[in-house]
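**Student:**
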Amino acid sequence: LDITIGVSKRLENLPVRLSLDFHQLNKDRDQLYQHLKGFTVGAEFYLSEIFTLRFGYDNEARSDLKVGSSAGIAGFNGGLGVKISEYIFNYGYSSMGSIGAMHRIGLATSI
Numbered sequence: 452l453d454i455t456i457g458v459s460k461r462l463e464n465l466p467v468r469l470s471l472d473f474h475q476l477n478k479d480r481d482q483l484y485q486h487l488k489g490f491t492v493g494a495e496f497y498l499s500e501i502f503t504l505r506f507g508y509d510n511e512a513r514s515d516l517k518v519g520s521s522a523g524i525a526g527f528n529g530g531l532g533v534k535i536s537e538y539i540f541n542y543g544y545s546s547m548g549s550i551g552a553m554h555r556i557g558l559a560t561s562i
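For the sequence shown, my numbering begins at 452 and goes up steadily by one.
(1) Using a Cβ-Cβ cut-off of 7 Å (strictly less than) and excluding sequence neighbours within five positions of tyrosine 508, which residues of its own chain qualify?
(2) Over the uninterrupted beta strand (DSSP E) stretch that includes asparagine 477, give me the two end residues.
(3) Measuring CA to CA, which of Ile524, Thr560, Ala559 is closest to methionine 553?
(4) For glutamate 495, which three-state DSSP category applies?
(5) Which two residues bound the contiguous beta strand (DSSP E) that contains alanine 525?
(6) Assuming asparagine 510 is part of the alpha helix (DSSP H), what are its boundary residues?
(7) Just the C-alpha distance for aspartate 481 and phenylalanine 506, rounded to the nearest angstrom, thanks.
(8) Assign glycine 530 to buried or exposed, taking buried as 16 or more other Cβ atoms, counted over all protein chains shown, within 10 Å of its Cβ.
Structural data, given as C-alpha cells:
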C-alpha cells in the first residue's frame, strides 16, 4: 500500500503544468522530514496542439538507486507525447542508475 498526496497546476499564460507529489506517506518513519524525502516533481510543457514534453524527478528513487558515492542520473525521467487525430502516443524514459533504464510506450484515446 502506498498512500500518495499530490497537486498539479497548469500555469496561466504559460504552456506548462507543474506537479508535486509526496508518496509512501503510510510508511513508518521516525521524523516528519523523513516523509518529505519521498517526493516527486514534474513539468509538462505543451509545445503545440500536437507535442507535449515531460520532465520529472523522483527524490526517493534517486536515493534508493544510488550505488557507492554516485547516483548518475537515477531518479530523473523524461518523455514525449504526440497527438495524431484522436490518438496520443506517449514515450517515457526513466533512469534506474547503474542498473539501466526503463522505457515506456503508450497509446491513449477517448471512448
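C-beta atoms are modelled at their ideal positions from N, C-alpha and C, and glycine is treated no differently.
**Tutor:** To lay it out plainly:
(1) Thr491, Val492, Gly526, Phe527
(2) It is not in any beta strand (DSSP E) - asparagine 477 carries neither H nor E in the DSSP assignment.
(3) Ile524
(4) strand
(5) Segment: none, alanine 525 is in no beta strand (DSSP E) and carries neither H nor E.
(6) 510–515
(7) 31 Å
(8) With 16 or more Cβ atoms within 10 Å of its Cβ, glycine 530 is classed as buried.
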